[in-house]
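A.B. asks: My questions all concern the structure below.
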Amino acid sequence: MGKASGGKLAPEGRECVTKKSEGLSRGTGSPGTSQWAEAIDELRSEYPLDLLLELRKMARSVFYYHLKRLEEPDKYAVEKEEIKSIFHEHKGRYGYRRVTWEMRNRGYVINHKTVQRLMTEMHIKCKMRKVRYRSYKGEVGSLAPNIIGRNFVATEPNRKWATDVTQINIGATKLYLSPILDMLNGEIISHNISNSPNLEQIYDMLDKAFDKCDNLDGLVLHSDQGWQYQHFGYRKRLEGHHIIQSMSRKGNCLDNSMMENFFGIMKSELLYAEKFESPEDFTKALEEYIDYYNNKRIKSRLKGKSPVQYRTLSITG
-2 MGKASGGKLA PEGRECVTKK SEGLSRGTGS PGTSQWAEAI DELRSEYPLD LLLELRKMAR
58 SVFYYHLKRL EEPDKYAVEK EEIKSIFHEH KGRYGYRRVT WEMRNRGYVI NHKTVQRLMT
118 EMHIKCKMRK VRYRSYKGEV GSLAPNIIGR NFVATEPNRK WATDVTQINI GATKLYLSPI
178 LDMLNGEIIS HNISNSPNLE QIYDMLDKAF DKCDNLDGLV LHSDQGWQYQ HFGYRKRLEG
238 HHIIQSMSRK GNCLDNSMME NFFGIMKSEL LYAEKFESPE DFTKALEEYI DYYNNKRIKS
298 RLKGKSPVQY RTLSITG
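Each residue of the sequence shown is one higher than the one before, counting from -2 in our numbering.
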């Protein structure tokens, strides 16, 4: 069956091998040599081994090497299960660097190159990030100097904050998210999501932050030159809490890159990664995501800690 004289595969045999090849290729990424060796091993009961190896252009020594490896116990079996557990627990949001940090947090001694290799072998790959809303409408109020000047380093909580507004499309509905982020650890201090970008949204976000945090004297709150942040009412609220206002230069998103980075991560890991039936579904998921982002999602920049863990350590030492 499938064999032909003259050292060639019969047409039906070649078709079977081709289908096996296509089946392997449909997996995530390109099949590795070990997978091809395993496939050839399955087929050699029906077809000559030499012809299968020739068809795949694989040396006999390479075939037997990988076959032997397949029969050996996997010394990283436990680590692979833990990697899969971490990956699925965080809904595919972790790449190999954060998986490595989380493995170490769980007591595993493993380097990032090994984690990267194991994730590649298991065809595990984190989700990639994918027209943002622009609030700038010219000079409609007062502008503030760029006090932050791209110096996003903070040594204490509540010394440097950033804010911005981003547009989120759920079907035909537009939502607008306005958060405050602490530059110490990237923690989202407060947020508001609204059907329109308005001052009430900004005031609600500020009030939540003021209720949550004490002793804000001298804190610098950075934003772009959006019309909301030029407004008299916004500036008076900051002055009432002895907060110093800082603004990016016109049209320069890098001046507020920490906020931009959060929006990119949130959209990649939540908005583009899941399907939402309604704005209400997204709003509920956003609340869960921000809690996850603050309390569970570790960052390499924070030495493998979540924002809240890092803030706690910065206070307690």
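We put the CB at the ideal spot given by N, CA and C, even for glycine. Predicted, not measured: the structure shown is a model, and the values here were computed from it.
So S243 packs on I145, CB below 8 Å; how close in whole Å?
C.D. replies: As a working mapping, residue 243 is identified with position 246 in the sequence shown. As a working mapping, residue 145 is identified with position 148 in the sequence shown. That pair is a contact at about 5 Å.
A.B. asks: Label K209 either buried or exposed according to how many other C-beta atoms from any shown protein chain fall within 10 Å of its C-beta, with 16 as the threshold for buried.
C.D. replies: Along the sequence shown, read from residue 1 onward, the residue named residue 209 stands at position 212. The residue is exposed, with fewer than 16 neighbouring Cβ atoms inside 10 Å.
A.B. asks: Select from H188, T152, N192 the residue whose C-alpha is nearest the C-alpha of Q164.
C.D. replies: Here residue 164 is taken as the residue at index 167 of the sequence shown, counted from 1. Ranking H188, T152, N192 by Cα distance to Q164 puts N192 first.
A.B. asks: Could you check what DSSP says for H63 in three-state terms: helix, strand or coil?
C.D. replies: The count along the sequence shown starts at 1 and reaches residue 63 at position 66. Correct three-state label for H63: helix.
A.B. asks: Taking its Cβ as the centre, do 16 or more other Cβ atoms sit within 10 Å of F60, making it buried, or is it exposed?
C.D. replies: If you number the sequence shown from 1, residue 60 lands on position 63. Buried, since its Cβ has 16 or more Cβ neighbours within 10 Å.
A.B. asks: Taking buried to mean at least 16 other C-beta atoms within 10 Å of its own C-beta, is K349 buried or exposed?
C.D. replies: Look at the range of the chain in this structure, -2 to 314, and you will see that residue 349 is not part of it.
A.B. asks: Go through its chain and collect everything with a Cβ distance to M119's Cβ below 8 Å, but skip five positions before and after it.
C.D. replies: If you number the sequence shown from 1, residue 119 lands on position 122. These residues qualify, in order along the chain: K77, I80, K81.
A.B. asks: Ignore the nearest five residues each way along the sequence and tell me which others in R234's own chain have a CB closer than 6 Å to its CB.
C.D. replies: Counted from its first residue, the sequence shown places residue 234 at position 237. Taken in chain order, the residues that qualify are L203.
A.B. asks: Taking the straight line between their C-alpha atoms, what separation do you get for K300 and E68?
C.D. replies: Numbered from 1 along the sequence shown, position 303 holds the residue referred to as residue 300. Numbered from 1 along the sequence shown, position 71 holds the residue referred to as residue 68. Computed Cα separation, rounded: 38 Å.
A.B. asks: Any idea if Y290 is buried or exposed, counting beta-carbon neighbours within 10 angstroms, 16 or more meaning buried?
C.D. replies: Here the question's residue 290 lines up with position 293 in the sequence shown. So Y290 counts as buried.
A.B. asks: On the DSSP letters alone, give me the boundaries of the beta strand (DSSP E) that P176 sits inside.
C.D. replies: As a first step, residue 176 must be located in the sequence shown, where it is residue number 179. From DSSP, the beta strand (DSSP E) with P176 extends over 170 to 179.
A.B. asks: So, with DSSP's three-state summary, where would you put N108?
C.D. replies: Residue mapping note: residue 108 aligns to position 111 of the sequence shown, counting from 1. Looking at N108 - three-state DSSP - the assignment turns out to be coil, as it is neither helix nor strand.
A.B. asks: Use the C-beta contact count for L49: other C-beta atoms within 10 angstroms, 16 or more gives buried, fewer gives exposed.
C.D. replies: As a first step, residue 49 is located in the sequence shown; it is residue number 52 there, counting from the start. Answer is buried; the Cβ neighbour count reaches 16.
A.B. asks: At 4 residues or longer, and completely inside the region 223 to 262: list those alpha helix (DSSP H) runs for me, N to C.
C.D. replies: Segments of the alpha helix (DSSP H) lying fully in the region 223 to 262: 224 to 227, 229 to 237.
A.B. asks: Shortest alpha-carbon distance to I121 belongs to which of G223, V96, I287, G104?
C.D. replies: Residue 121 sits at position 124 when you count from the first residue of the sequence shown. Here the closest residue by C-alpha is V96.
A.B. asks: Should A56 be labelled buried (16 or more other beta-carbon atoms within 10 Å of its own) or exposed?
C.D. replies: Position 59 of the sequence shown, counting from 1, holds the residue named residue 56. Exposed, by the Cβ-count rule.
A.B. asks: So, do the region 158 to 178 and the region 262 to 282 have three or more beta carbon pairs nearer to each other than 8 Å?
C.D. replies: Yes, the region 158 to 178 touches the region 262 to 282.
A.B. asks: From the DSSP output, read off the bridge partner residues of N166.
C.D. replies: Indexing the sequence shown from 1 puts residue 166 at position 169. Beta-bridge pairing links N166 to K171.
A.B. asks: DSSP has H188 in a bridge; who is on the other side?
C.D. replies: Position 191 of the sequence shown holds residue 188. Note: H188 sits in a beta bridge opposite P176.
A.B. asks: Using 10 angstroms around the beta-carbon of A141, count the other beta-carbons present and answer buried if the total reaches 16, otherwise exposed.
C.D. replies: By 1-based counting over the sequence shown, the position of residue 141 is 144. The residue is buried, with at least 16 neighbouring Cβ atoms inside 10 Å.
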